[in-house]
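The structure under discussion appears below in the form of structure tokens.
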Amino acid sequence: MLENFMMGLELAFRLDTFAMMAVGLVLGMVVGALPGFTTVMAMAVLLPLSFFLEPLVGIPFLIGVYKGGIYGGSIPAILVSMPGTGASVATTFDGPALTRKKQPRKALEMALFSSVFGDLSSDVITILCIGPIALIAMKIGPPELAAVLFLSLIVITITGGGVFVKGLLMMTLGLFISLIGQDPIGALSRFTFDFFAIKSGIPLLPMLIGLFALPEILLAIEKKASSVMNEKLDTKAGGRLTWPEFRRCIRTMCRSTAIGTTIGMIPGVGQVVAAFMGYAAAKNASSHPETFGKGELEGVAAAEAANNAVNGPTLVPLLTLGIPGDNVTAILLGAFVAQGLRPGPQLFSEQGSLVYAILIAMVMANVLFLFIGYFLVPLFAKVVTIRKGILLPLTVVFAFAGSYVFRSDPMDLIILVVFGVFGYLAKKLRFDVTPLVMGFILGPILEYSFGQTVTMSQENIVGYIVTERPITLVILILTPVITYFLWRKSARLRSAYGVSEG
Amino acid sequence: MKLSKLLRVALGATVALGLTAGAAQAEYPEKPITLVLPLGAGGSHDLNSRVFTSIIPQYLENAMIVKLMPGASGQTGTAAVAKAKPDGYTLLFTHNFFDQLQQHVTKLPYTPDDFETVVRLNYAVPSIVVLASSPYKTLKDMLDFGKANPNTLKFGHSGNWGAVMVPGALLLSEAGVQATLIPHKGGGPTMKALLSGDVDFTMAFPSVIGAQGDKLRVLASLGTERTYKDVPTLKELGYTPSVGLMNRVVLAPKGMPADRMKKLRDAFTAMQKDKTYGSMMKKLGENTELMQGPEYEGERMEQSKNYEKLVKAITSK
Chain A
1 MLENFMMGLE
11 LAFRLDTFAM
21 MAVGLVLGMV
31 VGALPGFTTV
41 MAMAVLLPLS
51 FFLEPLVGIP
61 FLIGVYKGGI
71 YGGSIPAILV
81 SMPGTGASVA
91 TTFDGPALTR
101 KKQPRKALEM
111 ALFSSVFGDL
121 SSDVITILCI
131 GPIALIAMKI
141 GPPELAAVLF
151 LSLIVITITG
161 GGVFVKGLLM
171 MTLGLFISLI
181 GQDPIGALSR
191 FTFDFFAIKS
201 GIPLLPMLIG
211 LFALPEILLA
221 IEKKASSVMN
231 EKLDTKAGGR
241 LTWPEFRRCI
251 RTMCRSTAIG
261 TTIGMIPGVG
271 QVVAAFMGYA
281 AAKNASSHPE
291 TFGKGELEGV
301 AAAEAANNAV
311 NGPTLVPLLT
321 LGIPGDNVTA
331 ILLGAFVAQG
341 LRPGPQLFSE
351 QGSLVYAILI
361 AMVMANVLFL
371 FIGYFLVPLF
381 AKVVTIRKGI
391 LLPLTVVFAF
401 AGSYVFRSDP
411 MDLIILVVFG
421 VFGYLAKKLR
431 FDVTPLVMGF
441 ILGPILEYSF
451 GQTVTMSQEN
461 IVGYIVTERP
471 ITLVILILTP
481 VITYFLWRKS
491 ARLRSAYGVS
501 EG
Chain B
503 MKLSKLLRVA
513 LGATVALGLT
523 AGAAQAEYPE
533 KPITLVLPLG
543 AGGSHDLNSR
553 VFTSIIPQYL
563 ENAMIVKLMP
573 GASGQTGTAA
583 VAKAKPDGYT
593 LLFTHNFFDQ
603 LQQHVTKLPY
613 TPDDFETVVR
623 LNYAVPSIVV
633 LASSPYKTLK
643 DMLDFGKANP
653 NTLKFGHSGN
663 WGAVMVPGAL
673 LLSEAGVQAT
683 LIPHKGGGPT
693 MKALLSGDVD
703 FTMAFPSVIG
713 AQGDKLRVLA
723 SLGTERTYKD
733 VPTLKELGYT
743 PSVGLMNRVV
753 LAPKGMPADR
763 MKKLRDAFTA
773 MQKDKTYGSM
783 MKKLGENTEL
793 MQGPEYEGER
803 MEQSKNYEKL
813 VKAITSK
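Chains A and B, in that order, give the protein sequences. Each residue of the first sequence is one higher than the one before, counting from 1 in our numbering. Each residue of the second sequence is one higher than the one before, counting from 503 in our numbering.
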């Protein structure tokens with residue numbers, strides 16, 4: 001292994017590798033920052049380009065696009081509360097509040113540093129523990145996935161801000177909305193009333209933009225026109241991140257990295273859950289949880305470190321088994337295969353040095369990422385120095401355009417508006433829409449894996465889990481215990497600080 | 503040479519991103535052609551389309567842009583093309599199961615007759631695989647065990663009425679075996695389920711099987727010719743062989759002007775001789791068995807009849 005690692009190190013240090021990685025990072029950030037364009041879309045479009053490059057140039061190039069894209073999504077989330085993907089929803093809790101406090105640059109820098117921190121640490125952990133991670137990924141099947149998702153839903157509802165019952169209500173609503181369309185196993189239509197436009201279900205992206213970005217715009221309009229139209233932030237776009245502020249967040253970033261890396265090992269859960277879990281854990285561990293959601297730098301750090309920390313381990317099933325865990329790794333698989341390399345156990349034993357070279361390139365990509373991001377952040381931060389009277393309509397344009405380009409379906413615009421109005425009303429009535437989004441995103445995966453579990457158990461689910469699925473059993477036993485502790489803690493917080501707004 | 507290729511692809515990608523429009527030309531195609539995929543990113547259709555859309559512009563003198571429209575088991579993207587004008591600027595890249603089988607299992611907002619075939623790009627042949635450590639050495643071993651122990655064998659497939667489930671269910675019903683069918687979201691998760699022992703057998707395409715080295719045992723291949731030298735085909739073993747092939751086809755909304763159809767078919771035909779195309783498809787582990795539209799139309803009719811019978815056979819048990 002060490003020999004392969006050293007050879008990989010030699011292979012990875014090439015000027016053209018670095019140059020293309022940098023190009024990939026910039027492209028990824030730009031595409032990620034544009035609402036409606038996803039990292040997967042960018043990678044799919046750029047994939048043919050990698051066919052004509054050497055493996056050690058083409059694949060790092062795509063990895064650059066991937067990493068840049070995941071970070072890029074946090075830029076509109078922080079500046080205009082518009083999450084480009086599910087992964088950056090948790091960033092909208094504190095990011096936009098910081099922008100309102102005239103600290104957008106600070107928030108963007110925090111997001112950058114914590115993203116790089118989470119990504120880098122998880123990549124290093126991945127390289128060191130690639131064997132054990134591969135083993136864990138194999139052990140996690142549908143029953144384990146279902147149990148983890150069930151636990152996640154409970155944790156998110158309990159740790160969310162606001163009244164518990166309201167959170168539960170929103171979660172249920174989210175789960176219900178996720179039922180609309182074809183059921184994932186039998187492909188029967190549910191709640192579609194034979195209306196073709198919603199047969200494939202409610203699309204996530206227009207819903208996210210509707211729930212998070214439109215209410216912000218409506219609230220801004222609600223304020224007195226004069227104060228909005230002429231409001232202008234100072235051209236420096238707020239202060240820079242200071243060392244003490246960064247140091248204060250290191251613990252949070254470490255915690256989020258651990259959470260993100262662990263979640264990354266479970267195929268099929270992904271960045272969205274990681275970001276929420278990282279955020280919830282940070283809030284729970286904080287001595288001042290009441291500041292979360294009102295412009296807390298730690299909140300941005302928690303979410304961003306966690307969602308980037310997922311990146312490393314998700315590559316393990318691809319590299320060791322040749323099985324992509326999500327769309328991004330499926331595209332990377334295509335890039336490998338087009339180079340005549342077939343990821344899987346064979347590649348690992350025959351060309352171990354190449355695999356390590358790619359892993360090392362990933363680590364280097366993070367360093368590059370830090371520098372590029374550092375110089376680009378001031379440019380992005382300038383966006384908020386645009387006069388509100390211009391920025392707001394521009395945000396509306398981006399919200400609509402972003403929802404449309406995703407699938408080019410006019411129906412998505414109706415969904416955007418419906419959820420926009422819903423989000424606005426929810427804000428007015430002090431409902432937090434986060435549990436709704438989580439229920440919506442996790443519902444179908446939970447349903448699918450539960451359905452698979454039932455089929456696999458051949459109608460004896462209890463016996464099957466007890467005798468053949470020890471990991472599931474442990475998770476299920478731990479669920480009420482964790483729930484109890486979290487419940488007690490949040491009850492104590494509620495009585496100490498009163499019910500928080502939102 | 504290499505650089506010029508790179509530039510060409512870069513140009514194609516730029517066009518695909520919608521940043522530049524093709525130069526105005528008098529005859530078709532005077533603007534980029536949209537190729538709709540009713541499937542998600544990263545699957546085999548996506549990969550195949552990325553290869554040929556980066557090469558075919560040389561023969562069409564304009565770009566071909568991939569548009570992914572997944573959802574509702576392919577119905578979202580297919581419906582969009584069914585509604586499009588038959589002007590040759592909107593095409594569909596799909597497979598025979600979406601195209602001909604779905605009509606027999608669900609109500610569709612279009613019919614297969616709304617489309618005509620431009621070309622069949624290529625096809626893929628799946629094989630039945632078990633773990634190398636599995637007690638079943640031959641297909642007969644496994645099916646005999648399944649017959650003796652109903653509902654014990656676990657068959658992992660990549661989704662209902664998909665490329666793995668259909669031939670598998672047909673084989674099981676022909677052999678009179680009651681098995682448990684466990685759906686997965688695509689071929690990747692299915693293979694993982696096989697490797698971790700969650701299911702007993704599945705079907706996979708050669709590119710996937712090759713990557714697993716000696717971890718798998720191939721029991722039989724579909725199709726009429728052997729995929730592996732020492733592995734029998736289903737036909738040799740006495741089962742219906744042809745339903746399992748996955749044909750990747752380019753369809754157009756019906757009623758397209760004949761000269762435009764000819765131009766498209768000519769471009770696809772000319773592309774077959776392109777060295778880059780051949781080598782890239784080979785690297786993907788795909789064949790380049792192009793079939794002209796009129797010839798494939800005959801197969802489509804045949805498929806529809808077979809699938810109708812098949813669905814009846816599977817659902818009636």
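Every residue gets a Cβ at the ideal spot worked out from N, C-alpha and C, and that includes glycine.
(message) When you compare the CB positions of A:P313 and A:T126, do they come within less than 8 Å of one another, or not?
(response) A contact, by the Cβ cut-off of 8 Å.
(request) Report the neighbours of B:A543 on chain A: residues whose CB is nearer than 8 Å to its CB, in chain order. (result) For B:A543, the neighbours in chain A by C-beta distance under 8 Å run, in chain order, V40, M41, M43, A44, N327, A330, I331.
(message) Classify B:A523: buried if its beta carbon has 16 or more other beta carbons within 10 angstroms, exposed otherwise.
(response) With a pLDDT of only 41 at B:A523, under the threshold of 50, the placement of this residue in the model should not be trusted, and no figure is reported.
(request) Say whether chain A places a C-beta atom closer than 8 Å to the C-beta of B:M782. (result) With 8 Å as the cut-off, B:M782 counts as an interface residue toward chain A.
(message) Measuring only the C-alpha atoms, how far is B:D548 from A:L347?
(response) Distance between the alpha carbons of B:D548 and A:L347 is about 23 Å.
(request) Determine the chain B residues that contact A:A338 at a beta-carbon separation under 8 Å, and present them in chain order. (result) Contacts between A:A338 and chain B, judged by CB atoms closer than 8 Å, involve L549, V553, M782, K785, L786 in chain order.
(request) Check A:P142 in the structure and name its three-state DSSP category. (result) Helix.
(request) Tell me, to the nearest whole angstrom, how far the beta carbon of B:L537 is from that of B:I567; I am working on the premise that it is less than 8 Å. (result) The Cβ separation is near 7 Å, so the contact holds.
(request) Alpha carbon to alpha carbon, how far is B:V666 from B:T596? Give it in angstroms, no decimals. (result) When rounded, the distance between both Cα atoms is 16 Å.
(request) Please check if any C-beta of chain A sits within less than 8 Å of the C-beta of B:A523. (result) With a pLDDT of 41 at B:A523, under the threshold of 50, the predicted position of this residue should be treated as unreliable, though the coordinate-derived value follows. The C-beta of B:A523 comes no closer than 8 Å to any C-beta of chain A.
(request) Pull up the DSSP beta-bridge partners for B:R750, would you. (result) According to DSSP, B:R750 bridges with B:H597, B:N624.
(message) Quick check: is the beta carbon of A:I482 nearer than 8 Å to any beta carbon in chain B?
(response) No, A:I482 does not count as interfacial toward chain B.
(request) Quick one: which unbroken beta strand (DSSP E) runs of 3-plus residues sit fully inside the stretch 544 to 624 of chain B? Chain order, please. (result) Listed in chain order, the complete beta strand (DSSP E) runs (minimum 3 residues) inside the stretch 544 to 624 of chain B are 566 to 570, 592 to 597.
(message) Let me see if you follow: with CB-CB separation under 8 Å, is B:A581 close to chain A or not?
(response) It does: the Cβ of B:A581 has a partner Cβ on chain A nearer than 8 Å.
(request) Identify whether A:V80 lies in helix, strand or coil by the three-state DSSP scheme. (result) In the displayed model, A:V80 falls within a helix according to three-state DSSP.
(request) Under 7 Å between beta-carbons, which chain B residues line up against A:R407? List them in chain order, please. (result) From the beta-carbon of A:R407, the residues of chain B found nearer than 7 Å are M571.
(request) Would you please verify whether the beta carbon of A:R14 is less than 8 Å from any beta carbon of chain B? (result) No, because no Cβ of chain B sits closer than 8 Å to the Cβ of A:R14.
(request) Output the distance between the C-alpha atoms of A:T261 and A:A282, rounded to the nearest integer angstrom. (result) When rounded, the distance between both Cα atoms is 16 Å.
(message) Taking the beta strand (DSSP E) that B:L537 belongs to, which residues open and close that run?
(response) According to the DSSP assignment, B:L537 belongs to the beta strand (DSSP E) that extends over 535 to 539.
(request) Spell out the partners DSSP gives A:R190 in its beta bridges. (result) DSSP, once it has assigned bridges, lists A:G181 as partnering A:R190.
(message) With a threshold of 8 Å between beta-carbons, can A:T455 be considered close to chain B, or not?
(response) For A:T455, the answer is yes, since a Cβ of chain B falls inside 8 Å of its Cβ.
(request) Return the first residue and the last residue of the alpha helix (DSSP H) that B:R657 is part of. (result) Looking at the sequence shown, residue 657 of chain B is not Arg but Phe. According to the DSSP assignment, B:F657 belongs to no alpha helix (DSSP H) but to the beta strand (DSSP E) extending over 656 to 659.
(request) Could you list the residues in the stretch 702 to 718 of chain B with a C-beta less than 9 Å from some C-beta on chain A, going in chain order? (result) Close to chain A, meaning a Cβ-Cβ distance shorter than 9 Å, are the following residues of the stretch 702 to 718 of chain B: S709, V710, G712, A713, Q714, G715, D716, K717.
(request) Would you mind telling me which residues of chain B sit closer than 7 Å to A:L2, beta carbon to beta carbon, in chain order? (result) Those do not exist, as A:L2 stays about 23 Å from chain B at its closest Cβ, beyond 7 Å.
(request) Less than 8 Å between the CB atoms is what I'm expecting for A:L297 and A:M110, so what's the real figure, rounded? (result) Contact flag correct, Cβ pair sits at about 5 Å.
(message) With a threshold of 7 Å on Cβ separation, who are the neighbours of A:A357 within its own chain once the five nearest residues in sequence on each side are excluded?
(response) Answer for A:A357: G8, L11, A12, L56, listed in chain order.
(request) Just mark A:S500 as buried or exposed, buried being the case when its beta carbon has 16 or more other beta carbons within 10 Å. (result) The pLDDT assigned to A:S500 is 47, lower than 50, so where the model puts this residue is not dependable, and the model offers no usable value.
(request) Please say whether B:N598 and B:M748 have beta carbons closer to each other than 8 Å? (result) Taking 8 Å as the cut-off, the Cβ atoms of B:M748 and B:N598 count as close.
(request) State yes or no: is the C-beta of A:L204 within less than 8 Å of the C-beta of A:I475? (result) Not in contact: A:L204 and A:I475 (Cβ atoms no closer than 8 Å).
(request) Compute the beta-carbon to beta-carbon distance between A:A22 and A:G69, rounded to the nearest angstrom, for a pair I have assumed lies under 8 Å. (result) Not really, about 14 Å apart at Cβ, beyond 8 Å.
(request) Answer with buried or exposed for B:L539, where buried requires no fewer than 16 other C-beta atoms within 10 angstroms of its C-beta. (result) It is buried - the Cβ of B:L539 has at least 16 other Cβ atoms within 10 Å.
(request) Closer than 8 Å by beta-carbon distance: list the chain B residues that pair up with A:I512, in chain order. (result) Not covered by the structure: residue 512 of chain A. The range shown for chain A is 1 to 502.
(message) For B:K649 and B:V679, which I take to be in contact (beta-carbon distance under 8 Å), what is that distance rounded to the nearest angstrom?
(response) Your pair B:K649 and B:V679 checks out as a contact, with CB atoms roughly 5 Å apart and the cut at 8 Å.
(request) Starting from the Cα of A:G239, find the closest Cα among A:G270, A:S50, A:A107 and give me that residue. (result) The residue with the shortest Cα to Cα distance from A:G239 is A:A107.
(message) Does B:K807 pass the burial test, meaning 16 or more other C-beta atoms within 10 Å, or should it be called exposed?
(response) B:K807 should be labelled exposed.
(request) Just tell me which of A:P83, A:R14, A:G28 has its CA closest to the CA of A:A399. (result) Of A:P83, A:R14, A:G28, the residue nearest in Cα terms is A:P83.
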